[in-house]
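According to the numbering used here, the stretch in the sequence shown is residues 3 to 294, in order.
Heads up, the beta-carbon is just placed ideally off N, CA and C, and yes, glycines get one too.
Because the structure is a prediction, the values reported are computed rather than measured.
Just below is one structure, and these are the notes that go with it.
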Amino acid sequence: MQPNLTHKETMPMNEANELAQLLNMVCSATVEAVHDGDETRRQALAEQLDALTADIREESPTVAGFFDVLAAWLRGTPPTEDVIRALPTPFARALRQMLHDTGTPVETEQAPISQQTLAQLVAAVVAVAKHDDPAPARRLAATIINIETQLPEHARADALPFFENLRALLGGADPRTLPPPSAEPYASVWQTVLYLTSVGDDMNTVARQALLDRLVHNTQFVRRSGDEALARQLATALLDVQRSAAEQNATDIATLVAAVRALLLGYDPTPYAAALEGDVREAWEQILAQIP
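What follows is the structure, given as structure tokens:
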């Protein structure tokens, strides 16, 4: 039997317990309709949700927004990861449970630029920026401009600061003087650029967990790029970290860095990895989990 969700008087919205009952009823009905697979039943429930949403939107816009997502799902558009993240935490949690209960996969909306493309681009920029010959830098700068022009209009504002910084780096600018991008994933990738163009971390100024996080992030990034020259560059930068850790008796970090350097250079890291314990072991396992 199709539940009646549209009669506002039977479900007054000014009582918290009645609102909770309404949410439970709507969620249960949606899960049942999705499970059932009856198109007519789904459309009927979606129409009831539309009417209910119109009644409550003014006084409960957050609940109405959640019902909009459910109605779209019933009409054949399951929520993506980005849609779920945009919801307040209680609704996001409930929606994830509903997706789990119905066996509905969650898709991530396609990013304007893939992580692999970004990794390859950064690998090329870092490698070219270290050379004295300006010709490769000019060609790569032209390639970056071409990538920018192919971006969707709505994605350009977020990406532009990142690409401007890459072109400035190719022109000889000190990356530490450039304004960091604020939008993700460009902000995180730019931190990788800064790391790879530096001489390495200073053990005296970087906290242990921050050092481990940075090590994991940058190793993952370089491995995803598949660029051997970039891997050698990171291994060289990490040599300073390894020496500094050894000098400060942080032998576990020095051993982890030795394992990472072996991995990057194509050697067997097992002799070093076997000695890792605790947080350095966790960092190592995170790195291995991301290897393609």
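Own chain partners of residue i with C-beta closer than 8 Å, once the 5 adjacent residues on each side are dropped
i	result
Leu162	Glu150
Thr55	Ala66, Phe69, Asp70 and Ala73
Val33	Met100, Asp103 and Thr104
Contacting residues, own chain, Cβ-Cβ under 6 Å from residue i (five flanking each side not counted)
i	result
Ala233	Val224 and Leu266
Leu120	Val191
Close Cβ partners of residue i (< 7 Å) along its chain, the five nearest in sequence each way excluded
i	result
Leu180	Asn167 and Ala170
Trp286	Leu258, Ala261, Ala275 and Leu278
Pro138	Val130
Arg98	Ile86
Residue from the options with nearest C-alpha to residue i
i	options	result
Asp254	Asp270, Thr82, Ile58 and Ala277	Ala277
Ala129	Val33, Asp215 and Leu236	Leu236
Glu230	Ala248, Arg263, Ala252 and Pro63	Arg263
Glu41	Leu21, Leu25 and Trp75	Trp75
Ser30	Glu61, Met100, Leu258 and Arg87	Met100
Pro183	Phe165, Gly39 and Leu25	Phe165
Lys132	Pro92, Pro177, Val108 and Ala157	Pro177
Pro187	Arg245, His156, Gln117 and Ala175	Gln117
Pro114	Glu49, Gln193 and Ala157	Ala157
Ala248	Ala256, Asp242 and Val36	Ala256
Gly78	Ile58, Glu284, Val36 and Glu61	Val36
Do three or more CB pairs link the region 221-231 to the region 140-155 at distances below 8 Å?
-> Using a Cβ-Cβ distance cut-off of 8 Å, the region 221-231 and the region 140-155 are not in contact, since fewer than three pairs of beta carbons, one from each stretch, lie closer than that value.
Counting pairs of beta carbons, one from the region 113-133 and one from the region 141-148, are three or more of them closer than 8 Å?
-> A contact exists between the region 113-133 and the region 141-148.
Alpha helix (DSSP H) segments (min. 4 residues) lying fully within the region 74-113 | The region 74-113 contains these whole alpha helix (DSSP H) runs: 83-88 and 91-104.
Going along the chain, which unbroken runs of the alpha helix (DSSP H) with 4 or more residues stay wholly within the region 143-187?
-> If we require 4 residues or more, the alpha helix (DSSP H) runs fully inside the region 143-187 come out as 155-172.
Scan the region 29-56 and note each continuous alpha helix (DSSP H) run of 4 residues or more that stays entirely inside, going in chain order.
-> Counting whole runs of 4 or more residues, the region 29-56 contains no alpha helix (DSSP H) stretch at all.
Ranges of the alpha helix (DSSP H) found wholly within the region 231-286, counting only runs of at least 4 = Here the runs fully enclosed are 253-267 and 272-275.
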